[in-house]
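**Q** Once you've had a glance at the structure underneath, I'll fire off some questions.
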Amino acid sequence: MDGSVTGEEFRTRVRDWLASAPRPEGLHDYGGTPQLADVPAGRQWHRTLFEAGYACLHWPAEHGGRDASVLEQAIFAEEAARAGVPRQLNIVGPDLAGPVLMRYGTEAQQRRHLPPILRGEHLWCQLFSEPEAGSDLASLRTRARPDGDHWLVDGQKVWTSAAGAADYGLLLARTGEDRHRGITAFVVDMTLPGITVRPLRQLDGESKFNEVFFDDVRLSGDSVLGEVGQGWRVATATLGQERLSLGAQAVGMFEALREVADAARERGLLDPVLEDTITALWTRIWLLRATWLRAVGTDTELGSSAFSVLKLVSSEVYRDLGDLATSALGTDTLAAGHPLLRRMLVGRAQTILGGTSEIQRNILAERVLGLPR
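Each residue of the sequence shown is one higher than the one before, starting from 1403 at the first, in the numbering used here.
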């Protein structure tokens, strides 16, 4: 981006463009992960972003990006949330797979995969978590065994976002016995024989997550991303980018708080005690947003412990929003179809997805306070 442009000037430019940009029918802010029905509109929207120069802002110019600063990326995420649109097709391709391919991929892999990600033509999923390897990812059991110049993959992944619509996946599989050095990363064509995707239906009615089964899936030798045994390093390099959306989440939290207040007022439940609770949450959301702006405004590294603080705080504020909706309105009022139902159900999930609150506390204890493992 032009270094002479200030953050607020960039915000104004983005806000004006988003207000006038054509939107495909059915487009809505589905967050980092589209459901199957969201994908056609999401692809069209990403193409619009690409043509306007707003796709993959953080990518280097040599790969079609804009070399945007962390602050500019964060501003775009927040303004997209304010406009009610996704900031890109999904998080895995542009934010995770793309940068990892630039760092560890061969020239052939980069030529094949980066341009379709940039244009929104290929949707990616992340094949990391397993039934017994979530927070403890190094205990994964999905195995890739050599077969001549190919690899055969067997195992199961779970909580895989957008797997049912994905064209490609970023896979971690065990190729050796060492806990960390025995893991290898692969690029997987999701149409290969032997791959079965089963949607997981959530309590809120959505099916953003999936189980993925591998049954003697045959991968070519050039599917390895990086070197054999380098998968743990590849995996850690993918973490952090999703923290850019924390400020965008604050926009949604303010809206959720307004919904709770309006619903309580309609039912005659907005008494002084509830008003105090809403005000306290409103203050916490503003503090979250201010801390986020301070972190991204100094171009803090995305792997910094500062983002673990933000992740922990945002998760627990989101949880408390869901609890507030339940306690203030009563579970009997949050029947199917009620706009606050999803807020209530998703609140608890926020303390688990993207790194549990317990894991964030461990990171802060070890890296900031210097406590023993």
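Built from N, CA and C at the ideal position, the CB exists for glycine as well.
Quick one: residues in its chain with C-beta nearer than 6 Å to the C-beta of His1582, no 5 flanking neighbours on either side, listed in chain order?
**A** Taken in chain order, the residues that qualify are Ala1540 and Trp1634.
**Q** Report the rounded CA-to-CA distance for Leu1529 versus Leu1573, giving the unit in angstroms.
**A** Answer to the nearest angstrom: the Cα atoms are 5 Å apart.
**Q** Are Lys1559 and Glu1534 closer than 7 Å when you measure CB to CB?
**A** The answer is no: Cβ separation not under 7 Å.
**Q** Let me know the beta strand (DSSP E) ranges lying completely inside the region 1430 to 1502, each 3 residues or longer, listed in chain order.
**A** For the region 1430 to 1502, not a single whole beta strand (DSSP E) run of length 3 or above is found.
**Q** Could you check where the alpha helix (DSSP H) with Trp1419 kicks off and where it finishes?
**A** That run of the alpha helix (DSSP H) goes Gly1409 to Ser1422.
**Q** Out of Glu1453, Gly1557 and Leu1473, state which residue places its alpha-carbon closest to the alpha-carbon of Gly1466.
**A** Closest by alpha carbon: Glu1453.
**Q** With DSSP run on the structure shown, which of helix, strand or coil describes Ala1587?
**A** If DSSP states are grouped into helix, strand and coil, Ala1587 belongs with the strands.
**Q** I'd like the span of the beta strand (DSSP E) that includes Val1555, first residue to last.
**A** Run containing Val1555: His1552 to Lys1559, per the beta strand (DSSP E) assignment.
**Q** Where do the N-terminal and C-terminal ends of the beta strand (DSSP E) with Gln1528 fall, by residue?
**A** Gln1528 -> beta strand (DSSP E) spans Trp1526 to Leu1529.
**Q** Do you know offhand how far Leu1420's Cα is from Gly1486's?
**A** Going by the C-alpha atoms only, they are around 10 Å apart.
**Q** In chain order, what residues of the same chain lie with their CB nearer than 8 Å to the CB of Pro1595, ignoring the 5 residues before and after it?
**A** Counting only Cβ-Cβ distances below 8 Å, and skipping sequence neighbours, we find Val1619 and Arg1620.
**Q** Please list the terminal residues of the continuous alpha helix (DSSP H) segment that includes Arg1514.
**A** It spans Glu1509 to Arg1521 - the alpha helix (DSSP H) in which Arg1514 sits, taken as one unbroken run.
**Q** Spatial neighbours of Gly1409 within its chain, please: CB distance less than 8 Å, with the 5 preceding and 5 following residues excluded, ordered by chain position.
**A** If we look at Gly1409 and ignore the five residues flanking it on each side, its Cβ neighbours are Leu1473, Glu1474, Ile1477 and Gly1699.
**Q** Under a three-way DSSP split, which group does Gly1675 fall into?
**A** One point to set straight first is that residue 1675 is Val, not Gly, in the sequence displayed. The answer is helix: DSSP assigns Val1675 an H, G or I state.
**Q** Just the C-alpha distance for Val1675 and Ala1682, rounded to the nearest angstrom, thanks.
**A** The straight-line gap from Cα to Cα measures roughly 11 Å.
**Q** Which residue from Ser1537, Thr1679 and Thr1586 puts its Cα closest to that of Val1555?
**A** The shortest C-alpha separation from Val1555 is found at Thr1586.
**Q** Quick check on Leu1773: does DSSP put it in helix, strand or coil?
**A** Note: Leu1773 maps to coil in three-state DSSP.
**Q** If you measure between the beta carbons of Leu1672 and Ala1665, is that distance less than 7 Å?
**A** It is not a contact, given that the beta carbons lie outside the stated cut-off.
**Q** Any contact between the region 1510 to 1523 and the region 1427 to 1437? By contact I mean 3 or more CB pairs, one from each, below 8 Å.
**A** With a cut-off of 8 Å, the region 1427 to 1437 and the region 1510 to 1523 do not count as touching, because too few Cβ pairs lie within range.
**Q** In this structure, does DSSP put Ser1622 in helix, strand or coil?
**A** It is a strand residue.
**Q** Report all residues from its chain with a CB closer than 7 Å to the CB of Leu1806; omit the five preceding and five following residues, and keep chain order.
**A** Because residue 1806 is not part of the residues shown, which for the chain are 1403 to 1775, the question remains open.
**Q** Starting from Ala1575 and walking both ways along the alpha helix (DSSP H), at which residues does that stretch end?
**A** Taken as a continuous stretch (DSSP letters only), Ala1575 belongs to no alpha helix (DSSP H), being part of the beta strand (DSSP E) at Tyr1570 to Arg1576.
**Q** For Asn1612, which beta-bridge partners are listed by DSSP?
**A** Note: Asn1612 sits in a beta bridge opposite Pro1601.
**Q** From what residue to what residue does the beta strand (DSSP E) around Arg1545 run?
**A** Its beta strand (DSSP E) spans residues Arg1545 to Asp1549.
**Q** Give the range of the alpha helix (DSSP H) segment to which Gly1633 is assigned.
**A** Its alpha helix (DSSP H) spans residues Gly1633 to Ala1639.
**Q** For Leu1726, does the count of other Cβ atoms within 10 angstroms reach 16, so buried, or fall short, so exposed?
**A** Leu1726 should be labelled buried.
**Q** Going along the chain, which residues of its own chain have a beta-carbon closer than 6 Å to the beta-carbon of Ser1710, five neighbours each way excluded?
**A** Closer than 6 Å at the Cβ level, and outside the excluded window around Ser1710, lie Gln1762, Ile1765 and Leu1766.
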